[in-house]
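The structure under discussion appears below in the form of structure tokens.
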Amino acid sequence: MLVFLGDSISISVIFPFVPFLVQHFFQFGLEDQHQIGYYAGMIASTYTIGQLISSGFWGSLSDRIGRRPVMLVCMVATMTCLAVFGLSKSFYCALAARFTQGLFSGNVVVAKSYMSDITDSTNESVAFTMIGVVFGVGSFLGPLIGGVLSMPSENYPELFGGVTFLEENPYVLPCLATGFVILVDFFFALVSLDESLPTLTGGALAGSDRLRGDSGVEGGDDGAYSDLYGSTVDGGIEGEQDLSGFSPAPAPNPAKQQSPMSKLLSSRSFLVTCCVYFLFGFVFMSFNEVIPIWARGSVDVGGVGFSTAEIGVVQSTAGICTLVAVIVVYPIICERFGVVNAFRIGLAISVLFAYPIPPLLSVMPWRGNNAPTWAALLVANGLNSVGIEFGFTSVNLMLKNCAAPELAGLSLGMGSTLGLLGFALGPIAGGSMFAATLTSPSIPAFVREGRFFFIFIMLVVLANMGLTTLMPEWPWQVDGKAQAASPAPGTPRVGRRYAPVPREVELTGQ
């Protein structure tokens, strides 16, 4: 979990000060302030482009040499890139540092694979919820560190005034502070993190029936995983008799077996989940990128004139709401309505209570840096963080459960890669769209001052909600016979999941 914490902080620490960093590099005049959106979007997107390029490599490498060494290497590289970013003297140096950090952000995928290795159907919901909790802590600490510690000589002259190093590098302090957090994570991982890859551990880690290679009972097998839409992954033992009374499982035919990639691509639920993840990531990153740019802007262009520290405080307080939501609310929602519906609820929260707030504030007569604005932004950011964490936790569970256990790593890796495409395009598209519609005379007045952007992302969220109707109802993985969407009578339940039944065929609805 410490690995997730370091990653989440390193991702979000730059959000509050990126617009100010761009202004520091280019020194735009008043008439060119709208260009900040273009360059800020580029910085945010290069990180994700690096992730997109390398995530498959890190996932594949961790399948060969183990999760632990990959995570350790990525932590060292992340610390180095953060320091270089903070010390950058030009926009293109900062761009290169952020891109390289993205290339070495393999822990985003590998740490999830680690969690998949050590969990099973009885504890995976709790484990993946804890990922959301840790990311909530990171979403609180990252913007707070970035906003409060940037430009220390200017913001805290009594403490840092006259410190030449910090005056010449006004954004290095939050980067170094984040690097220190990752350094602590590194030493903890070096000392206490065990390898989880089944081929290296012999499936010996406690708590995971998948690692033991059984169904939670002595002598069990992995079963045959059948897609609710028709594709089949053979995992049974040749000639084994199914105790439920059905005919013996046929011996797998190597000539007819699909490759792991083909099995995933033939899964409808996997493809839909990837599309949903892409749109979700697009909106999430574009909104996170635009909010600091919008908040930094003057009242004359629809902004509220916030400083780096004020932006950091607003973004970080959202993390508190995230913790409450993920620890208390999400498990209840997931238990009552299922993971897919929890995802839909998260989208609804954001589109109703978060994304409309900035455009509404931009037309209010009392707009500006005042108490009503603070209250509105705190509520909007808090509720948005709830919706986002509902989405992230749900989509990770969906990716994990739309494939047989032996394909969980590949499913998470491919799904995360396509999600990262949305993460990469979001800041560029969002920042450019916001900048282009800030003062453009060629569009109607009611969508100027960036309001066009917020209306656009609300429409994308509504389209994403419509796309989820193509998904099967949760749970996708049940105990039953071929293409059964519900369990056999008398099957014991564990929460929203069905408990293992000795030697019964387990289905993975995809």
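In terms of this note's numbering, the sequence shown opens at residue 221 and continues consecutively.
For every residue, glycine included, the Cβ atom is placed at its ideal position computed from N, Cα and C.
{"Check": "Taking only runs that begin and end inside the region 482 to 555, name each unbroken alpha helix (DSSP H) of 4 or more residues, in chain order.", "Outcome": "488 to 516 and 528 to 544"}
{"Check": "May I ask you to verify whether the region 295 to 306 touches the region 399 to 415, counting CB pairs closer than 8 Å and requiring at least 3?", "Outcome": "yes"}
{"Check": "Of the residues Asn327, Pro289, Leu379 and Phe319, which one's Cα is nearest the Cα of Leu225?", "Outcome": "Asn327"}
{"Check": "Just curious, the alpha helix (DSSP H) that Glu374 is in, first and last residue?", "Outcome": "Pro372 to Asn375"}
{"Check": "Suppose contacts are defined by Cβ-Cβ distances below 9 Å. Is Val524 in contact with Ala515 by that definition?", "Outcome": "yes"}
{"Check": "Helix, strand or coil for Pro695, going by three-state DSSP, please let me know.", "Outcome": "coil"}
{"Check": "Verify whether the separation of the beta carbon atoms of Ser489 and Pro692 is less than 9 Å.", "Outcome": "yes"}
{"Check": "Does Thr266 come out as helix, strand or coil in the three-state DSSP assignment?", "Outcome": "helix"}
{"Check": "Could you compute how far the alpha carbon of Ala253 sits from the alpha carbon of Arg288?", "Outcome": "The amino acid occupying residue 253 in the given sequence is Gln; Ala does not appear at that position. Cα to Cα, Gln253 sits roughly 45 Å from Arg288."}
{"Check": "If I measure Cβ to Cβ from Leu410 and keep anything under 8 Å in the same chain, skipping five residues before and after, which residues do I get?", "Outcome": "Leu292"}
{"Check": "Please classify Lys309: is it buried, with 16 or more other beta-carbons within 10 angstroms of its beta-carbon, or exposed?", "Outcome": "exposed"}
{"Check": "According to DSSP, is Arg671 part of a helix, a strand, or is it coil?", "Outcome": "helix"}
{"Check": "Taking the alpha-carbon of Gly257 as reference, which of Ala665, Asn590, Thr268 and Ile511 has the nearest alpha-carbon?", "Outcome": "Ile511"}
{"Check": "Please name the residue, chosen from Met653, Gly270, Val354 and Gln243, that lies closest to Phe612 on a Cα-to-Cα basis.", "Outcome": "Val354"}
{"Check": "DSSP state of Tyr312, grouped into three classes?", "Outcome": "helix"}
{"Check": "By the DSSP assignment, the alpha helix (DSSP H) with Ile402 in it spans what residues?", "Outcome": "Val392 to Ser412"}
{"Check": "Can you tell me where the alpha helix (DSSP H) holding Ala623 begins and where it ends?", "Outcome": "Run containing Ala623: none; DSSP gives neither H nor E here."}
{"Check": "When the distance is taken between beta carbons, is Gly602 closer than 9 Å to Gly689?", "Outcome": "Note on residue identity: the sequence assigns Thr, not Gly, to residue 689. No, Cβ-Cβ distance for Thr689 and Gly602 is not below 9 Å."}
{"Check": "Smallest Cα separation from Gly588: which of Pro576, Pro578, Gly558 and Val519?", "Outcome": "Val519"}
{"Check": "Quick check: the Cα distance between Ser570 and Val681, rounded to an integer number of angstroms?", "Outcome": "9 Å"}
{"Check": "Excluding five sequence neighbours on each side, which residues of the same chain lie with their C-beta closer than 7 Å to the C-beta of Ser428?", "Outcome": "Unreliable positioning characterises Ser428 in this predicted model, as indicated by a pLDDT of 44, which lies under 50. The coordinate reading is nonetheless provided below. Result list for Ser428: Asp337, Ile338, Thr339 and Asp340, in chain order."}
{"Check": "Decide if Thr384 is buried, meaning its Cβ has at least 16 other Cβ atoms within 10 Å, or exposed.", "Outcome": "exposed"}
{"Check": "Helix, strand or coil, according to DSSP, for Gln247 in the structure here?", "Outcome": "coil"}
{"Check": "Taking the straight line between their C-alpha atoms, what separation do you get for Gly382 and Tyr376?", "Outcome": "11 Å"}
{"Check": "Between Gln321 and the rest of its own chain, which residues show a CB-CB distance below 8 Å, the 5 nearest in sequence each way excluded?", "Outcome": "Ser230, Tyr267, Gly270, Ala297, Thr298, Cys301, Leu302 and Phe305"}
{"Check": "Count the other C-beta atoms from every protein chain shown that fall within 10 angstroms of the C-beta of Ile531, then say buried if there are 16 or more, exposed otherwise.", "Outcome": "buried"}
{"Check": "So, at 8 Å on beta carbons, what are the nonlocal neighbours of Ile663 in its own chain, with the 5 sequence-adjacent residues on each side left out?", "Outcome": "Thr657 and Phe672"}
{"Check": "In whole angstroms, what is the alpha-carbon distance linking Val290 and Pro236?", "Outcome": "30 Å"}
{"Check": "Could you tell me the alpha carbon to alpha carbon distance between Gly651 and Ser412, rounded to whole angstroms?", "Outcome": "42 Å"}
{"Check": "Roughly how many angstroms lie between the CA atoms of Pro592 and Val534, to the nearest whole one?", "Outcome": "13 Å"}
{"Check": "So does the region 494 to 505 actually touch the region 639 to 650, counting three or more Cβ pairs closer than 8 Å?", "Outcome": "yes"}
{"Check": "Measuring CB to CB, does Leu369 end up less than 9 Å from Ala314?", "Outcome": "no"}
{"Check": "Could you say which of Phe610, Leu627, Gln247 and Val233 lies nearest to Gly358 if we only look at CA atoms?", "Outcome": "Val233"}
{"Check": "Buried or exposed: where does Ala665 fall if 16 or more other Cβ atoms within 10 Å of its Cβ makes it buried?", "Outcome": "exposed"}
{"Check": "Assuming contact is defined by CB atoms lying nearer than 9 Å, are Gly276 and Gly633 in contact in what I supplied?", "Outcome": "yes"}
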